[in-house]
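Remarks on the structure that follows.
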């Protein structure tokens, strides 16, 4: 509910009155020009690469009805606002901004161009009716990875390379730990903060530090393949692809992967614009919606482990199981979710606490 | 045989002509690179240098943005140029820029939600102080312990980046931001904002300050004894010492001025275009300003033009990147070429090219 109230507050403050007459975008377009703003290079092999794959798949699906432009390596902040404005001036009908740090810039530019639709990935501000947000429930994928990690670890120590201590990453740590613990009560998790989304050297250092602490399963919330490359040097250490499949490290150390799949969303939104059915929304889909995919589980994992992981995946996909289902306590031992109770989206979106059993503090 | 002969004194003609020649050579070499990437080189060059200024679709927006982008570059580069002239190498302006923003924003946020007109000037002072303080570390270490200011100032950039990240995640984090890193948006708080002063011009207080500093630096170098001492220390350190110039005092002064100006640039940026303290608030202005200082021949008026030119390659580069689909690495290589050619043709200022062997020339 917290997400909702933030939205209401922001929208009410802003442009509701100004935009009064334009709430419905009824008329379809003949052809759509879509712009994409990327935070990294399209060849990063992770986050930005997957967004660009989504763009290409959307072009494939819609053919000559759509034209796209993109810009890579756009710093978050002042430069983003200029790039967005220039894209808007170039005649784009819809612009996807694919990093959290573009939030204020997206909303500021959207206020100046009410006829252009803006889609901001992973953010929560929708100040004007032409801003929508979208994100994926990566923690669902973490539940599957955590299950594999808990069953595969021999040292009972699993490691997590965190990018920044923000709710999305905390969700991932908690979900991984909960599901590892479920299949292996002796498991412990160590978190190393890299303070970057993409920096192969720092990520390799973080992986090294974890391996030296006897960790033999590494989960990563950073986008490069460096931790897998580091894991490959030590026999018995495994890891998972992040954002992208990272198939070049198959069958081991990469035993599976969390893959971001933006193609269905991009295709749906542009199609809606063509059809005239486009409306503002906040999308947070997961394995069930196809936005999060579990990469092929390799033969380096025993068949029974694979079967258990796939069972977790399928029960989440069908909606039968939520990765944050009680009983769960917070790190300090206080009660969070009762038996059978499921975490609400508002709490998850602002999650800044570890669950019971995770050691260490969230840096602040 | 091609041979270089030292000129008795630097050529005045080439001093002015080399930047222009460097730009032309960059256009040619960059054009070849764009052609190799399969793009029309003429169109690419036109998009970078012409469209931001004159294209009817973009110019109205892009032209004022030149000032927004050039403002901090000019402000920092002018400060750096004073030290560079005296042989004092402050390479850490990026760190001083960050600390200026952190100190300035810190004062503003500590006073939130007080609304009086005195907050913004106070923040400017705090920003200058932050940058100055960060520059004093290498300055004092140099004068007291003979450490190398290049290394110390550069390494302090990384320290500043960690302080910035800690601030964005901790003390300065927006309490209404749902746990996400980043401070309140200062540009949306009236008493702290550094807005566009005249709509559609891009002019904000940072740009005004940059223009003022250029004029002040020009007067300082032409008319003031300190300007004379700076020039003398750079050209003839021994003579400067005999003339009573204290090298220690000069280090403290030059580092302090460049640090303070970099801090001010950071403050104007964090309250204006950037808006908030975030983990990756700094985008390299402090390093790019070094290029601008040399492109402008360490001359205040030259720096003014160089800053605008550099801003043009950024904004034009962005346009070229998405209109023509040029990879961003190609744009960066293009900007790198500019410095490369400038340093290369700089040779002509001090040397004459002669054909034939040395004996024939005599």
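Residue numbers (this note's numbering), protein chains in the order written: chain A, 1 to 364; chain B, 1 to 362.
For every residue, glycine included, the Cβ atom is placed at its ideal position computed from N, Cα and C.
query: Touching by the beta-carbon criterion (3+ pairs, under 8 angstroms), the segment 227-244 of chain A and the segment 40-58 of chain A; result: yes
query: Separation of residue 277(B) from residue 394(B), as counted between CA atoms; result: There is simply no residue 394(B) to check, as chain B begins at 1 and stops at 362 in what is shown.
query: In chain order, each alpha helix (DSSP H) run of at least 4 residues that lies wholly inside the segment 35-83 of chain A; result: 47-62
query: Contact list for residue 283(B) against chain A, beta-carbon separation under 7 angstroms; result: 75, 77 and 79
query: Three CB pairs or more closer than 8 angstroms across the segment 215-222 of chain B and the segment 97-106 of chain B; result: no
query: The alpha helix (DSSP H) enclosing residue 54(B), as first and last residue numbers; result: 51-54
query: Within chain A, the residues that residue 73(B) reaches when beta carbons sit closer than 8 angstroms; result: Under the 8 angstroms cutoff, chain A gives no residues; its nearest Cβ is about 13 angstroms from residue 73(B).
query: For residue 374(A), the nearest candidate out of 31(B), 266(B), 107(B) and 185(B) (CA to CA); result: Nothing in the structure corresponds to residue 374(A), since chain A is present only between 1 and 364.
query: Top-ranked residue by Cα proximity to residue 236(A), from 195(A), 180(A), 86(A) and 154(A); result: 154(A)
query: Cβ of residue 84(B) within 9 angstroms of any chain A Cβ; result: no
query: Cβ-based contacts, 8 angstroms cut-off: residues of the segment 94-105 of chain A near chain B; result: 100, 101 and 104
query: Residue 114(B) versus residue 30(B) - alpha carbon distance; result: 52 angstroms
query: Any C-beta of chain B under 9 angstroms from that of residue 70(A); result: yes
query: For residue 257(B) and residue 79(B), the rounded distance between their alpha carbons; result: 6 angstroms
query: Minimum Cβ-Cβ distance from residue 87(A) to chain B less than 9 angstroms; result: yes
query: Cβ contact check for the segment 116-126 of chain A and the segment 199-212 of chain A: 3 or more pairs under 8 angstroms; result: no
query: Cβ contact check for the segment 316-324 of chain A and the segment 340-350 of chain A: 3 or more pairs under 8 angstroms; result: yes
query: Inter-residue CB distance, residue 255(A) and residue 298(A) (contact presumed, cutoff 8 angstroms); result: 5 angstroms
query: Under 7 angstroms by beta carbon: chain B residues contacting residue 161(A); result: Residues of chain B passing the Cβ test: none, with the nearest at roughly 16 angstroms.
query: For residue 47(B) and residue 71(A), the rounded distance between their alpha carbons; result: 15 angstroms
query: Chain A contact for residue 39(B) (CB, 9 angstroms cutoff); result: no
query: Buried/exposed call for residue 193(A), threshold 16 Cβ in 10 Å; result: buried
query: Contacting positions in the segment 154-171 of chain B - beta carbon closer than 7 angstroms to chain A; result: 165, 169 and 170
query: 9 angstroms Cβ cutoff met for residue 322(B) and residue 83(A); result: yes
query: Under 9 angstroms between C-beta atoms of residue 357(A) and residue 177(A); result: yes
query: Per DSSP, the bridge partner or partners of residue 193(A); result: 162(A)
query: Length of the line joining the Cα atoms of residue 58(A) and residue 183(A); result: 39 angstroms
query: Contact with chain A by residue 58(B), beta-carbon distance below 9 angstroms; result: yes
query: Near-chain B residues of the segment 115-139 of chain A (beta-carbon distance less than 8 angstroms), N- to C-terminal order; result: 124
query: Spatially closest choice to residue 293(B) from 317(B), 343(B) and 326(B), by CA coordinates; result: 343(B)
query: Contact with chain A by residue 105(B), beta-carbon distance below 9 angstroms; result: no
query: Contact the segment 74-88 of chain B vs the segment 247-256 of chain B: 3+ CB pairs below 8 angstroms; result: yes
query: Where residue 164(A) meets chain B, residues with beta-carbon distance less than 8 angstroms; result: 169, 181 and 279
query: Span of the beta strand (DSSP E) around residue 204(B); result: Looking at the DSSP string, residue 204(B) is not in any beta strand (DSSP E), and its letter there is neither H nor E.
query: Buried/exposed call for residue 145(B), threshold 16 Cβ in 10 Å; result: exposed
query: Which residues DSSP lists as bridging residue 220(A), in chain order; result: 161(A)
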